[in-house]
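Have a look at the structure below, then the notes.
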Amino acid sequence: MKGTLHAGPEGTRCYLPARWERGMPAVHLLDGEMVEGMLPELLAGLEGEGDTLPPLALVLHSTGNRDDDYTPWPAPNLKKRDRPFGGDAAGYLPRLCRAKAAAEAALGADSERSALLGYSLGGLFTLWAAAQPNAPFAAFASLSGSLWYDGWREYAEEKLPQRGQDLFYLSLGEGEEHTRMARLAPVGDCTRALCKQLQGRLDNPDRCVLEWNPGGHITGIAARHERALRWLAARL
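Just so you know, we're using UniProt numbering here: the sequence shown kicks off at 1 and counts up by one.
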């Protein structure tokens, strides 16, 4: 790693690139423990061959119960051995926003040019956060987002986007909709529909993109994060 990783306020972990200066933007990544585990691979892609990470701070946020904190309302469990989804996103968002503000103040990051990025249920939460009035992010990246979630498509049709100038990065694995689990199979259609909706409602259709990746839900997760970060870095 060419930059530095250190403990931040409110339980965050912060990565600063070598070229970091105050006033640069920050990307806030959910599932921070997962992201930290793949950080060497992720940064090798971003910083390899003489490149350096674009001038973004990476702020990693972790939660003790993603099945509750990342879901917008209760829903049945996927498998018999699993717990039902708790639907406590409304309780988690204020905690995330407090950690965001504290980390950005400590780093000197530009709070007006921040992004939220999540994977799987984290991607669902990211888009739910985008649907809340006055969400303190300028961009939202949902990677393999769980947009199959019960009631989500109807909610998104009503609520998104909140602001015409927001940025949205969506991505999905090409094999994700080809699942034997009927409840998950609509994820492709739901993601396509949301992209079309956002492109039609945002100030410019270029403010939303949907990128397809090879493989299924757990293929190349670090590479998918890398692509999202490059897209965000060019626009924040």
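Heads up, the beta-carbon is just placed ideally off N, CA and C, and yes, glycines get one too.
Return the CA-CA distance between E104 and I218, expressed in angstroms with no decimal places. Translated into positions along the sequence shown, residue 104 becomes position 104. Translated into positions along the sequence shown, residue 218 becomes position 218. Put simply, the backbone Cα of E104 is about 30 Å away from that of I218.
Taking C14 as the reference, which of E36, F85, P136 and G220 has the closest Cα? For the purposes of this step, residue 14 is taken as the residue at position 14 of the sequence shown. Closest by alpha carbon: E36.
Say whether the segment 58 to 70 touches the segment 19 to 35, bearing in mind that this needs 3 or more beta-carbon pairs closer than 8 Å, one atom from each stretch. Because the criterion of three Cβ pairs below 8 Å is met, the segment 58 to 70 and the segment 19 to 35 touch.
On the CB-based measure, 16 or more other CB atoms within 10 Å of its CB, does M181 come out buried or exposed? In the sequence shown, residue 181 corresponds to position 181, counting from 1. Around the beta carbon of M181, fewer than 16 other beta carbons sit within 10 angstroms, so the residue counts as exposed.
Nearest-angstrom Cα separation, counted from P17 out to L5: The count along the sequence shown starts at 1 and reaches residue 5 at position 5. The count along the sequence shown starts at 1 and reaches residue 17 at position 17. Taking the straight line from one Cα to the other gives about 9 Å.
Extent of the continuous alpha helix (DSSP H) to which F125 belongs: Residue 125 sits at position 125 when you count from the first residue of the sequence shown. L121 to A130 is the span of the alpha helix (DSSP H), which, as asked, contains F125.
What would DSSP say about H225, mapped onto helix, strand or coil? In the sequence shown, counting from the first residue as 1, residue 225 sits at position 225. When DSSP states are grouped into helix, strand and coil, H225 belongs to the helix group.
Anyone know if the C-beta pair for A228 and L117 falls short of 7 Å? Along the sequence shown, one-based indexing puts residue 228 at 228. Along the sequence shown, one-based indexing puts residue 117 at 117. It is a contact, given that the beta carbons lie within the stated cut-off.
Residues of its chain near E216, where Cβ-Cβ distance is below 7 Å and the 5 sequence neighbours each way are ignored: For the purposes of this step, residue 216 is taken as the residue at position 216 of the sequence shown. According to the sequence displayed, residue 216 carries Gly and not Glu. The answer, listed in chain order, is G173, G175 and E176.
For A105, does the three-state DSSP call read helix, strand or coil? Position 105 of the sequence shown, counted from the start, is the residue given in the question as residue 105. Of the three classes helix, strand and coil, the one that applies to A105 here is helix, per DSSP.
Does the count of Cβ pairs from the segment 78 to 91 and the segment 18 to 32 closer than 8 Å reach three? Note that the segment 78 to 91 does not touch the segment 18 to 32; fewer than 3 beta-carbon pairs, one per stretch, sit closer than 8 Å.
Between Q199 and C208, which are expected to be in contact by the criterion C-beta below 8 Å, what is the C-beta distance as a whole number of angstroms? Within the sequence shown, residue 199 is the residue found at index 199, counting from 1. Within the sequence shown, residue 208 is the residue found at index 208, counting from 1. About 5 Å separates the two Cβ atoms, so the contact holds.
Quick check on DSSP: helix, strand or coil for T71? Residue 71 sits at position 71 when you count from the first residue of the sequence shown. Looking at T71 - three-state DSSP - the assignment turns out to be coil, as it is neither helix nor strand.
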